[in-house]
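K.L.:
If you're matching them up, the sequences are chains R and C in order. Once you know that position 45 of the first sequence is 52 in this note's numbering, the rest is easy, because the numbers rise by one and skip nothing. Once you know that position 411 of the second sequence is 438 in this note's numbering, the rest is easy, because the numbers rise by one and skip nothing.
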Amino acid sequence: MLDIQHLKKYYATQKAVDDVSLRVRKGSIFGLLGPNGAGKSSLLRMVTGITMPDEGKILFDGEDFVLDKHSRHIGYMPEERGLYKKMKIGEQALYLAQLKGLSKTEALENIRYWFNKLDMHSWWNKKVEDLSKGMSQKLQFVTTVVHHPKLLILDEPFSGLDPVNSEVIKDEIHELANKGTTIIFSTHRMEQVEEICEEIALIHQGKVVLGGAVSEIKQRFKENLYQLQVDGEIQYAAAQYLQREGNQYTYKFQSEDESRGLLQYCLDQRLPIRSFHEILPTLNQIFIRQVEGEAARIFDTK
Amino acid sequence: MHKIWLIIKREYLTRVRKRSFLVTTLLIPLLMFGLIFSMIFLAARSEESQTIAVVDESGYFINKLDTVNKDYQFRYTQFAKGESNVDLMKRMDADILVRIFPFKGNHPDSVILYKEGSASLSVKEFIGGELTSIYQIKQMQDAGINKASIDSINASEISIKSFDLKNNKETHSEIASAIGYAMGFLIYMIIFIYGAGVMRGVMEEKTNRIAEVIVSSVKPFQLMMGKIIGIAFVGLTQFLLWMILMLSLQLLLPLLISDLREPMQVGMALSPDMESVQAMAENPSLSFYHAILDQNWTLIICCFLFYFLGGYLLYASMFAAVGSLVNEDPQEAQQLTIPITMPIIFGFIIMASTAKDPNSSLAVFGSLFPLTSPIVMLSRIPYGVPGWQLALSMILLIAGFILMTWLSAKIYRTGILLYGKKVTWREVFKWIRYS
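(1) What are the partner residues of R/S48, as DSSP defines its beta bridges?
(2) Using the beta-carbon of each residue, which ones in chain C are nearer than 7 Å to R/K92?
(3) Where does R/I36 fall in DSSP's three states?
(4) Alpha carbon to alpha carbon, how far is C/W415 from C/F396? Give it in angstroms, no decimals.
(5) For C/A170, which three-state DSSP category applies?
(6) Between C/T364 and the rest of its own chain, which residues show a CB-CB distance below 6 Å, the 5 nearest in sequence each way excluded?
(7) The alpha helix (DSSP H) spanning R/E179 covers which residue range?
(8) With 16 as the cutoff for other CB atoms within 10 Å, does C/V50 come out buried or exposed?
(9) Can you round the beta-carbon distance between C/I443 and C/M252 to whole angstroms, since I take them to be within the 8 Å contact cut?
(10) Compare the beta carbon distance of R/Y102 and C/L250 with 8 Å and say whether it is the shorter of the two.
(11) Any beta carbon of chain R sitting closer than 8 Å to that of C/S200?
(12) Using three-state DSSP, classify R/F72 as helix, strand or coil.
(13) Helix, strand or coil for C/L267? Go by DSSP, reduced to three states.
(14) Give a yes or no on whether the minimum CB-CB distance between R/S193 and chain C is below 8 Å.
(15) Does any residue of chain C have a CB that is nearer than 8 Å to the CB of R/G46?
(16) Out of R/V54, R/F228, R/P42 and R/E86, which one is the CA nearest neighbour of R/D68?
(17) List the whole-angstrom C-beta distance separating R/A246 from R/F260, where the pair is believed to meet the contact cut-off of C-beta under 8 Å.
(18) Just to check my reading of the structure: C/Y87 and C/Y141 have Cβ atoms closer than 8 Å, yes? What is that Cβ distance to the nearest angstrom?
(19) Assign R/G82 to buried or exposed, taking buried as 16 or more other Cβ atoms, counted over all protein chains shown, within 10 Å of its Cβ.
(20) Return yes when the Cβ of C/V455 is within less than 8 Å of the Cβ of C/L352, no when it is not.
(21) Would you mind working out which of R/G63, R/G219, R/D238 and R/F72 sits nearest R/Q12, comparing C-alpha positions?
(22) Could you name the residues of chain R that C/G275 contacts, counting a contact when the two beta carbons are closer than 7 Å?
(23) Check the DSSP bridge columns for R/S282 and list the partner residues they point to.
(24) Touching or not, the stretch 222-241 of chain C and the stretch 253-263 of chain C, by the rule of three or more beta carbon pairs under 8 Å?
(25) Given a limit of 9 Å on CB to CB distance, which residues of the stretch 430-451 of chain C reach chain R?
(26) Can you find a C-beta in chain R that's less than 8 Å from the C-beta of C/R37?
(27) Check whether the Cβ atoms of R/F165 and R/F37 lie closer than 8 Å to each other.
(28) Please decide whether C/A296 counts as near chain R, where near means a Cβ-Cβ distance under 8 Å.
(29) Give me the chain R residues within the contact set of C/I241, using Cβ-Cβ distance strictly less than 7 Å, ordered along the chain.
(30) For C/V138, which of helix, strand or coil comes out of DSSP?
(31) Whole angstroms are fine: how far does the CA of C/L332 sit from the CA of C/E38?
(32) Please report the residue range of the alpha helix (DSSP H) in which R/F67 lies.
(33) Just the C-alpha distance for R/N43 and C/L58, rounded to the nearest angstrom, thanks.
(34) Can you tell me whether C/F16 is buried or exposed? The criterion is at least 16 other CB atoms within 10 Å of its CB, across all chains shown.
(35) Please list, in chain order, the residues of the stretch 37-53 of chain C that have any C-beta partner in chain R closer than 7 Å.
(36) Tell me where the alpha helix (DSSP H) around C/F375 begins and ends.
Here it is as structure tokens:
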């Protein structure tokens, strides 16, 4: 769907995007991660054609990206949201849809569909300045998807959303993905990525420092931690014992195979096993380990 | 092309539909009309004559002061015993008291004018002039010149008429200057009002953060030009409505002031009606009217439209660029607009001097230089401008507009996406050079 090759964007004082190559599969939900100021927004602005890269190539469905031709197929919700405050909601949605290249009838039809779906049909003649923050974000989302984009780019879509609307938007994102829309999802909030994304790339100081499928990355960075809950005392010396809370024990092994030894021990001792599972690192932990210094501090505060 | 049209439409409709548009469109002609009306009304009222009591101790002026001017009535009197100035004025029912003291060695010691509050300049000038001329006649008589010669000397006045060398028609510098000044001033206002409108529009889009959404659908240049053109249409619409309103209101004027036999609204009544033109030609006091109709109005109006559009477009893109640099703080906007407002004000100053001397080298420069030409050239046109200068000025204006729009677009493109950072001109020059 989207193929980014050796993209570079340098500003006077910094390398905002420094030789980034990415590939986003059609119909996937792709997570673009990184601390604030890592270059995510700069990258997305190039992908949406807002700015031109200094070097490198962007292929959209195998073709060189051209704003006039491809903007029709892209829905972009920037991190800095915005709408015309004094404009009526219906007119605004219509205007933005027409700017994307929809005809008036097409646009009206699509807007009605989305307004009904998200329970907004009574808003048509209200002005944006009369809406609550949550409501205007719903409107923002509608204006982003109203032209049925093939590629949906959401920059921090949940920032400032209340939990209810967050859930609504999340459901819509999943539904769109199921229908085949490719979604790029940019955020610095790792826990959201784990829930939503299949593949990710971590950007730090303009470079991709880590990329791949979420499950694969977790496997790659796991530390062979296992948690065991039994009714009784364990005295097992073959592995490193980390922690005990009541009857819950955490062990760290050298390799996966060693975990069998612990289970065997429990069976031998006839200890009733309540649970036994592997602890995979969260993306947050992986990234903190991966990105040291300044970036790590930023994550910790979140 | 279709997208830019959508933008123009939105910019136009959102502005025209606003209540403030309706209010200013209706209110400004009404205010102008009210101003003209009250000026005429006050002028008519001030014809009520003022009574001037004259106490002449020199004896030279008794019964000699003007009796033709209906604005002033002279009454000659003397002080009763122990009477004060106030008492005398009360007795004579006078508004003004003029005391002329005895002459010493052929010179009056002084003439003093008393009035409640301060006397107006026109009264002072009128009485001073009267006294001077009467005294001058007396002196000439004393020198032995007879009455008849004095009258003929006084009656001789040389008036100058000016003619255009080419068509041998009489030219009227006063009228040309007035029309030129009015045109230049109008353009000056337009550039400021609608240019600032463009700037506010850009600032709104930037601070509302809608700009980034829009430029993911259209090129920043399209957004900027759409806005500029949309607002130009708003300006034209407002103008047209003003014209219609003003013309219909001025038709009402003679109905409201019945004894306005002489047309007071010079410059507004431009009826090309042949009969009235002839009637005017017969009446020498209306040659003024005639002269206005004599102006080359087709040229003036065409040039007005050209320089209106050219000047507006040239400055609007600069205002857009500045608007894109501003972050919320309106004070910042004020600072950043200085480089734009300077040439406009400079143009206005040149224009003011052009109205008197339309062919000075400053005026010629000002009417060619694109940043000032919309204002200055219009003030020269009623005087007649050589064709090559007009052509060069227009070409330069178009070139200036293209160059400015190109530069502004570069600034605008970067500026609208830059949030929360104060921009210096140095950085702006970098954007121009490297993008």
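Backbone N, C-alpha and C define an ideal beta-carbon position, used for all residues, glycine too. The structure displayed is predicted, hence computed values, not measured ones.
P.N.:
The relevant details are as follows:
(1) Stepping through the first sequence from its first residue, residue 48 of chain R is reached at position 41. Its beta-bridge partners do not exist; DSSP assigns none.
(2) Taking the first residue of the first sequence as 1, we reach residue 92 of chain R at position 85. Those are N235, listed as they occur along chain C.
(3) As a working mapping, residue 36 of chain R is identified with position 29 in the first sequence. Reduced to three states, the DSSP call for R/I36 is strand.
(4) Indexing the second sequence from 1 puts residue 396 of chain C at position 369. Indexing the second sequence from 1 puts residue 415 of chain C at position 388. Going from the Cα of C/F396 to the Cα of C/W415 covers about 14 Å.
(5) Looking up residue 170 of chain C in the second sequence gives position 143. In this structure, C/A170 counts as coil in the three-state DSSP scheme.
(6) Indexing the second sequence from 1 puts residue 364 of chain C at position 337. Same-chain partners within the cutoff: V349.
(7) In the first sequence, counting from the first residue as 1, residue 179 of chain R sits at position 172. Run containing R/E179: P170 to N185, per the alpha helix (DSSP H) assignment.
(8) To locate residue 50 of chain C, count along the second sequence from 1; it is residue 23. Result: exposed.
(9) Within the second sequence, numbered from 1, the residue matching residue 443 of chain C stands at position 416. Within the second sequence, numbered from 1, the residue matching residue 252 of chain C stands at position 225. With a Cβ gap of about 14 Å, C/I443 and C/M252 do not count as contacting.
(10) Here residue 102 of chain R refers to the residue found at position 95 when the first sequence is read from its first residue. Here residue 250 of chain C refers to the residue found at position 223 when the second sequence is read from its first residue. Their beta carbons are not under 8 Å apart, which means R/Y102 does not touch C/L250 by this criterion.
(11) Within the second sequence, numbered from 1, the residue matching residue 200 of chain C stands at position 173. C/S200 does not count as touching chain R.
(12) Taking the first residue of the first sequence as position 1, residue 72 of chain R is located at position 65. Looking at R/F72 - three-state DSSP - the assignment turns out to be coil, as it is neither helix nor strand.
(13) Within the second sequence, residue 267 of chain C is the residue found at index 240, counting from 1. Three-state DSSP puts C/L267 in a helix.
(14) Sequence index remark: in the first sequence, residue 193 of chain R carries index 186 (1-based). By the rule that beta-carbons nearer than 8 Å mark a contact, R/S193 does not touch chain C.
(15) Translated into positions along the first sequence, residue 46 of chain R becomes position 39. With 8 Å as the cut-off, R/G46 does not count as an interface residue toward chain C.
(16) As a first step, residue 68 of chain R must be located in the first sequence, where it is residue number 61. Ranking R/V54, R/F228, R/P42 and R/E86 by Cα distance to R/D68 puts R/V54 first.
(17) Taking the first residue of the first sequence as position 1, residue 246 of chain R is located at position 239. Taking the first residue of the first sequence as position 1, residue 260 of chain R is located at position 253. With 8 Å as the limit, R/A246 and R/F260 qualify as a contact, their Cβ atoms being about 5 Å apart.
(18) Start at 1 with the first residue of the second sequence, and residue 87 of chain C comes out as number 60. Start at 1 with the first residue of the second sequence, and residue 141 of chain C comes out as number 114. Incorrect: roughly 20 Å between the Cβ atoms, too far for contact.
(19) Position 75 of the first sequence holds residue 82 of chain R. Buried: at least 16 other Cβ atoms inside 10 Å.
(20) Numbered from its first residue, the second sequence carries residue 352 of chain C at position 325. Numbered from its first residue, the second sequence carries residue 455 of chain C at position 428. Less than 8 Å separates the beta-carbon of C/L352 from that of C/V455.
(21) Position 5 of the first sequence, counted from the start, is the residue given in the question as residue 12 of chain R. Among R/G63, R/G219, R/D238 and R/F72, the Cα nearest to that of R/Q12 is on R/G63.
(22) Counted from its first residue, the second sequence places residue 275 of chain C at position 248. The displayed chain sequence assigns Ser, not Gly, to residue 275 of chain C. Neighbourhood of C/S275 in chain R, by CB distance below 7 Å: empty, with the nearest CB roughly 32 Å away.
(23) What you label residue 282 of chain R is simply residue 275 of the first sequence in a count that begins at 1. Note: R/S282 sits in a beta bridge opposite R/Q236.
(24) yes
(25) R440, T441, L444 and Y446
(26) Counting from 1 along the second sequence, the entry for residue 37 of chain C is found at position 10. For C/R37, the closest Cβ of chain R is nearer than 8 Å.
(27) Looking up residue 165 of chain R in the first sequence gives position 158. Looking up residue 37 of chain R in the first sequence gives position 30. Contact: no.
(28) Here residue 296 of chain C is taken as the residue at index 269 of the second sequence, counted from 1. A caution first: C/A296 carries a pLDDT of 44, below 50, which makes its placement in the model unreliable, though a value can still be read off. No - not a single Cβ of chain R is within 8 Å of the one on C/A296.
(29) Residue 241 of chain C sits at position 214 when you count from the first residue of the second sequence. Residues of chain R passing the Cβ test: L106.
(30) Locating residue 138 of chain C in the second sequence gives position 111, counting from the first residue. Three-state DSSP puts C/V138 in a strand.
(31) For the purposes of this step, residue 38 of chain C is taken as the residue at position 11 of the second sequence. For the purposes of this step, residue 332 of chain C is taken as the residue at position 305 of the second sequence. Their Cα atoms are separated by approximately 21 Å.
(32) Within the first sequence, the letter at position 60 stands for residue 67 of chain R. Taken as a continuous stretch (DSSP letters only), R/F67 belongs to no alpha helix (DSSP H), being part of the beta strand (DSSP E) at E62 to F67.
(33) One-based indexing of the first sequence puts residue 43 of chain R at position 36. One-based indexing of the second sequence puts residue 58 of chain C at position 31. If you take the alpha carbons of R/N43 and C/L58, they lie about 55 Å apart.
(34) Any answer about residue 16 of chain C is impossible in this case: the structure gives chain C only from 28 up to 462.
(35) R37 and T41
(36) Against the second sequence, residue 375 of chain C aligns to sequence position 348. It spans P357 to T381 - the alpha helix (DSSP H) in which C/F375 sits, taken as one unbroken run.
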